[in-house]
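Scroll down for the structure; my scribbles are underneath it.
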Amino acid sequence: AARSLKVERVVSRVAVVDLDVHHGNGTALICGRDESVFTFSMHDRHNYPVYKPQSSLDVGLPAGTTDQDYLRHLRQSLPQVLAHQPDLVFYLAGADPYEDDQLGQTKLTKAGLRERDRVVLSAVRGAAVPVVIVLAGGYARQLADTIDIHAATFAVALADG
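So the number in the working numbering is just where the residue sits in the sequence shown, counting from 1, plus 144.
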């Protein structure tokens, strides 16, 4: 999508904020040599994939990372993303950093994930940059938890918008 928007001259600089529990390997491979696309992946460092191509900014988190540490890393990283001065941000809001996810090893609560969404959306809006929200991941033992997390992402977006 970023490349299409660039080809059509809708945008010239894009940022991808990938907060799925898995490394953003596809985005890193596709956009890795394109300096007009800043890719940020914050992920469980010991999770799939084994080979993690370099993003513009990678933050690999240890297993068991909780809300406080996760949010600290996120707040420290977003200024680097926005320093790229993107015309548009794609925000991949993964539900799989959740503490009861079957594939992730991070331990974020639902409240922590809502705060993650607030932090990202507030930073992007504070920089006056439009954002595209993409739902990602989510393998909670209870499907209702994944649905709640994804619905909360949009509730936060609408409340702040």
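Idealized CB from N, CA, C, for every residue including glycine.
- Put simply, of Thr290, Leu247 and Ala271 the residue whose alpha carbon is nearest the alpha carbon of Asn191 is Leu247.
- In terms of Cβ geometry, Arg262 and Val300 form a close pair [threshold 8 Å].
- Taking the Cα of Arg285 as reference, the smallest distance to any Cα among Tyr242, Arg269, Ala267 and Ala303 is reached at Tyr242.
- Secondary structure note for Asp162: its beta strand (DSSP E) is the uninterrupted segment Val158 to Asp162.
- Beta bridge pairing from DSSP links His187 with Gly204.
- Residue range Lys254 to Gly270 is occupied by the alpha helix (DSSP H) that includes Ala255, with no beta strand (DSSP E) assigned at that position.
- Between the beta-carbon of Asp188 and that of Gln249 there is about 5 Å, and that keeps the pair under the 8 Å contact cut.
- Ala239 sits away from His166, with the two beta carbons spaced by 8 Å or more.
- Here the C-alpha atom of Leu257 lies approximately 30 Å from the C-alpha atom of Ser156.
- Close CB contacts of Gly208 within its chain, under the 8 Å cut and outside five residues either way in sequence, are with Gln249, Thr250 and Lys251 (chain order).
- Shown here, Tyr235 sits in a strand according to DSSP, grouped into three states.
- Under the 10 Å beta carbon count, Gly270 is surrounded by fewer than 16 other beta carbons and is classified as exposed.
- For Ala146, the enclosing alpha helix (DSSP H) covers residues Ala146 to Val151.
- Non-local C-beta neighbours of Ala296 in its own chain, meaning closer than 8 Å and more than five positions away in sequence, comprise Lys254, Leu257, Arg258 and Asp261, ordered along the chain.
- Measuring C-alpha to C-alpha distances from Val275 to each of Thr210, Phe298 and Phe234 identifies Phe234 as the nearest.
- Within the DSSP secondary-structure output, Val273 pairs in no beta bridge.
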